[in-house]
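Accompanying notes for the structure given below.
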Amino acid sequence: MSALQSISGKSHSAVAETYDVVVVGAGFAGMYMLHRLRGLGLAVRVYEQGGDVGGTWYWNRYPGARCDVESMQYSYSFSDELQQEWDWSERYAPQPEILKYANHVADRFNLRPDIQLNTRVDRASFDETANMWSVITSDGKSVTAKYVVLATGCLSNARMPDIKGLSDFKGRVYHTGHWPHEPVDFTGQRVALIGTGSSGIQSVPVIAEQANHLTVFQRTANFSIPARNAPLTSEEREAFRAKYPEIRRFAREEARNGIYTDMPDRGALDDGDNERRARYESRWARGGLTFMSVYNNLALDKAANDTAADFVRAKIAEIVKNPQTAKLLQPNNHPIGSKRICVDTDYFATFNRPNVTLVDIRSDPIEEILPNAVRTRAKDYEVDALVLATGFDAMTGSVAKIDIGGRNGQTLNQKWAEGPKTYLGLMSAGFPNLFIITGPGSPSVLSNMIVSIEQHVDWITDCIAYMRDRGLDSMEAQKNAEDNWVAHVNEVAHTTLYPQANSWYMGANIPGKPQIFMPYIGGVGAYRQICNNVAAKGYEGFAMTAAEQPQKIAASS
Ligand code: N01
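Numbering (my numbering), first residue to last: 814 to 1370.
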């Protein structure tokens, strides 16, 4: 790329300490953000706390880790060459392959020179006089930038449970969201696994095959649908690739969750018992997350939802031989889908193995961890290793770890103390030129993340180009627009069954965290349209101010 004059007046190749944009995180969001901003000829620095690119897929290396969105769809769409050339091996690619893909993208688009690995952003503060951000990193350096983009991920702040005695445990303790990079071998070991969300449900069958004995400590039984994972044939890949333009269009514009699938044309109670059962059977046989798309009212109507929940509970009873264990594994305290539905390979059948025990810690709570055992109220379970599949401080956790100071000395943590407040999930009033990718208030975790990431990155890129082309210096969400958006996000959430579950969507998994439904549930297509309309109206709801002395503008490369 030629050295173009950028917003900061620095050339791309001659940057010392001032950048046009600092991007935090080099997962799928940060990498694509860098790629697009470079296309504008801007000077960009990406800081990544991990030792390599990949974000979620760099950290979540636990046994059985896969994406629950099919690989042909959980992939970038911005480069047709990339999507035509990359060969996914299985319907749901395993974590090492997704990480390899992330690395391939970093190399193919030559992203690495602008990514600084093993470096956390500790602090970012906005200088109101200069309209610049000052960013302090864990290597003790300070840089300035016109814009900061938080590409920090929604499920990247692994949460250790607060269980008495945990630090005294003598064996190894693993968190699924922070898994070691060297191979972990449970052969011959007695393993305890705490937590039965997606991570636990994926790892249980794999650990059970290796361990001498696996004891699963379950607080909440979860709904899970078989993945029906299988190798992808070259014919399947080709058929998909031939249809990519339509698949990607549909995922962006029509699918509520950014996943191409058949759309339901009726509600669950519109069919009689036999017809309904046949439809559920057919989706169960097909497998995967789109089970919830059998009918159009499963997330809205409790009676409709009950028909799907009863179907899955009956399947669990069919699979699990011990009736008492089956009963414990049948979810009974939340509507199906109101917690992120899980996708598994042989999860329920694993409880038929003689070396697997289920402990219901609702009736028999964990009291403490001893140096060699998990002690529940009723019994000590002696174990050699502990696996914590206890989840994340979702959506806000990674943002909150950075000390972000906006106007008038207010920090983002102060502003969000009672729950995150954003306009469109993209910006928060009082924090000019600070963008969040897939932030709270956007569809984010309710969607195929890559669809939502690409939409945000494209919108932010267009916005920065718009400002540059008009000599605009700062942009900020207006408080009334933000208040209206927060109210809308909340209102839409409460038309659904989602708030009925104590989920991480609600912040309910973190003691003391405000309980607010954080993502926007209006659907990715409707949301995209809203964002496009806002942009078309000159970024309605955002205040934009001109630079006192407009900078000379670089042409796009
Ligand atoms: O975390 P979770 P996760 N004592 O929060 C339990 C994505 N993901 O890592 O429900 C005992 O869902 C907790 O119990 P409860 C996906 O979006 C995707 O599994 O709070 N138990 C729960 O059972 C997913 O939704 C993929 O009562 C404790 C579990 O730990 C999200 O990440 C794979 C406890 C945590 O479940 C998070 O999934 C993996 C305690 N003190 C993850 N604290 C795929 O793409 C917590 N728990 C397939």
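Glycine included, C-beta positions come from ideal geometry on N, C-alpha and C.
Between the ligand N01 and the CB of Asp881, the shortest heavy atom gap is smaller than 7 angstroms. It is roughly 18 angstroms from the alpha-carbon of Gln897 to the alpha-carbon of Glu1267. CA-to-CA, the gap between Leu1111 and Thr1120 works out to about 9 angstroms. Residue pairing by DSSP puts Tyr1236 in a beta bridge opposite Met1240. Counting only runs of 4+ residues, the alpha helix (DSSP H) found wholly inside the stretch 1213-1291 occupies 1225-1228, 1262-1282, in chain order.
Around the Cβ of Gln1137, a 10 Å sphere holds fewer than 16 other Cβ atoms; the residue is exposed. Judged by their CB atoms, Leu963 and Val1212 are nearer to each other than the 8 angstroms cut-off.
Taking every protein chain shown into account, the CB of Pro996 has fewer than 16 other CB atoms within 10 angstroms, so this residue is exposed.
With a 10 Å radius around the Cβ and a threshold of 16 neighbouring Cβ atoms, Gly1085 comes out exposed. DSSP links Asp1173 through a beta bridge to Gln1031. Bounds of the alpha helix (DSSP H) holding Tyr845 are 841-852.
Shortest Cα-Cα distance from Ser969 to any of Thr1209, Ile1072, Asn1293 involves Thr1209. Considered as a whole, the stretch 1004-1073 harbours 1026-1031, 1037-1039 as its complete beta strand (DSSP E) runs of no fewer than 3 residues, in chain order. In the three-state DSSP reduction, Ser888 falls in the coil class, being neither helix nor strand. Of all C-beta pairs linking the stretch 1240-1254 to the stretch 936-949, three or more are shorter than 8 angstroms, placing the two stretches in contact.
The straight-line gap separating the alpha-carbon atoms of Asn1025 and Arg1190 is approximately 24 angstroms. With 16 or more other CB atoms across the displayed protein chains lying within 10 angstroms of its CB, Ser1260 is buried. When C-alpha distances from Leu1201 are compared across Thr1009, Ala1278, Val948, the shortest belongs to Thr1009.
Rounded to whole angstroms, the separation of the alpha carbons of Asp1197 and Leu1141 is 25 angstroms. Placement of the Cβ of Pro1324 at a distance of 7 angstroms or more from every heavy atom of the ligand N01 is found. The C-alpha of Trp1229 lies about 42 angstroms from the C-alpha of Phe1053. A straight line joining the alpha-carbon of Arg985 with that of Thr1163 spans about 23 angstroms. Where Arg1341 is concerned, the enclosing alpha helix (DSSP H) starts and stops at 1337-1349. Taking C-beta atoms as the reference points, Leu1239 and Ala1359 fail to come closer than 8 angstroms. Take the alpha-carbon of Lys1134 and the one of Arg1003: they are about 23 angstroms apart. With fewer than 16 other Cβ atoms from the protein chains shown falling within 10 Å of its own Cβ, Gln1227 counts as exposed. Lys1234 has its alpha-carbon roughly 8 angstroms from the corresponding atom of Pro1253. Judged by pairs of C-beta atoms under 8 angstroms, the stretch 1307-1321 does not touch the stretch 1276-1290, as fewer than three such pairs exist.
Taken atom to atom, the span from the alpha-carbon of Arg1099 to that of Met1105 is near 12 angstroms. In terms of Cβ geometry, Ala1130 and Ile1149 do not form a close pair [threshold 8 angstroms]. Minimum Cα-Cα distance from Glu1094 among the listed residues Val1125, Met844, Ile1182 corresponds to Val1125. For Ala971, DSSP records a beta bridge to Phe1205.
Note: Ala1359 is bridge-paired with Leu1285 in the DSSP secondary-structure output.
Between the stretch 910-925 and the stretch 838-846, the count of C-beta pairs closer than 8 angstroms reaches three or more; the two stretches touch.
Between the C-alpha atoms of Glu861 and Ser1265 there is a straight-line separation of about 21 angstroms. With a cutoff of 8 angstroms on beta-carbon distance, Thr1251 and Arg849 are scored as not near each other.
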